[in-house]
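Residue numbers (the working numbering): 447 to 705.
Glycine residues also receive a C-beta, built at the ideal position from the N, C-alpha and C atoms.
In what follows, a single structure is set out as structure tokens and then discussed.
In structure tokens form, the structure reads like this:
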């Protein structure tokens with residue numbers, strides 16, 4: 447399917463690896479020029495180079511933590527009039543809520559609620575004026591399914607979900623959509639556990655790990671960043687202009703609900 451977005455420009459946050467990288471690759475495959483971002487400058491440069499070489503699109507790298515104002519400023523300077531914004535950021539680590547102090551709570555809310563709102567504020571009016579905009583927020587299935595220890599992540603992302611539900615309805619008439627993707631168990635570094643970036647995993651150990659983690663998933667496997675990215679790219683396409691304010695689990699059927 448031709449997504450109809452060739453030549454458009456996208457900012458994809460936290461896109462040096464994992465789900466953000468999957469989204470960047472899918473958008474590049476559709477012909478979108480990119481501004482990519484990540485905290486590890488070396489890993490980010492590698493991802494940007496691979497995307498340029500494979501798809502021939504323009505890729506600008508902005509290294510740093512997207513929750514920092516100076517990094518947001520650099521992203522917007524590199525792409526002041528984006529057609530597409532993919533909000534993504536790492537979540538707070540697994541931690542008993544009793545261990546959280548005010549500073550940690552505010553940091554988590556800043557990373558996973560305030561930061562995407564700030565970026566949306568910066569780009570949404572320009573999108574509306576030009577008559578095209580696609581905003582996709584990568585949140586978490588934990589917005590729907592509580593996970594003890596990820597309370598801060600879940601709370602911040604749920605706050606973002608509620609905050610944007612009303613905003614989404616105010617710009618759909620100018621062909622700007624806001625939707626969220628809620629990843630379940632996808633095969634990323636977060637599920638792999640602590641390891642040095644780029645280190646290979648023993649194939650047998652990897653197979654055992656994936657089988658154990660995906661045992662309760664109806665699909666009986668982990669999702670991949672690549673297929674997640676393709677869903678994101680569709681939400682960014684010209685074909686998704688009548689879809690807004692939605693929260694779409696990408697979880698292999700793990701979240702059980704008829705509605």
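- Residue 551 and residue 517 have their C-alpha atoms roughly 21 Å apart.
- Counting along the chain, no beta strand (DSSP E) covers residue 672; the unbroken alpha helix (DSSP H) around it starts and ends at 671-681.
- Within the DSSP bridge table, the entry for residue 479 names 455 as partners.
- Listed in chain order, the alpha helix (DSSP H) runs fully inside the region 569-644 are 597-614 and 635-638, counting runs of at least 4 residues.
- If you look at residue 517, you'll find it isn't in any beta strand (DSSP E); it sits in the alpha helix (DSSP H) that goes 515-524.
- Looking at the DSSP output, residue 509 sits in a beta bridge with 484.
- Looking at the DSSP output, residue 684 shares a beta bridge with no other residue.
- Boundaries of the beta strand (DSSP E) around residue 531: 530-533.
- If you check the CB distance, residue 623 and residue 687 come in under 8 Å.
- Taking a C-beta distance under 8 Å as the contact criterion, residue 482 and residue 512 do not qualify as a contact pair.
- Proximity of the region 545-565 to the region 489-499 falls short of the contact definition, fewer than three beta-carbon pairs being nearer than 8 Å.
- Listed as beta-bridge partners of residue 694 by DSSP are 627.
- By the Cβ-count criterion, residue 538 is buried, with 16 or more other Cβ atoms from all chains shown falling within 10 Å of its own Cβ.
- Under the DSSP assignment, residue 553 falls in the alpha helix (DSSP H) whose first and last residues are 548-555.
- The criterion of a C-beta distance shorter than 8 Å is satisfied by residue 665 and residue 698.
- Inclusion of residue 590 and residue 526 in the CB contact set at 8 Å is not warranted, their separation being larger than that value.
- Distance from the CA of residue 618 to the CA of residue 459, rounded to the nearest whole angstrom, comes to 23 Å.
- When DSSP states are grouped into helix, strand and coil, residue 564 belongs to the helix group.
- Per DSSP, residue 655 is one residue of the alpha helix (DSSP H) stretching across 649-659.
- The Cβ atoms of residue 529 and residue 454 lie closer than 8 Å to each other.
- Rounded to the nearest angstrom, the Cβ distance from residue 535 to residue 567 is 16 Å, too far for a contact under 8 Å.
- Contact annotation: residue 514 and residue 484 have beta-carbon atoms that are not nearer than 8 Å.
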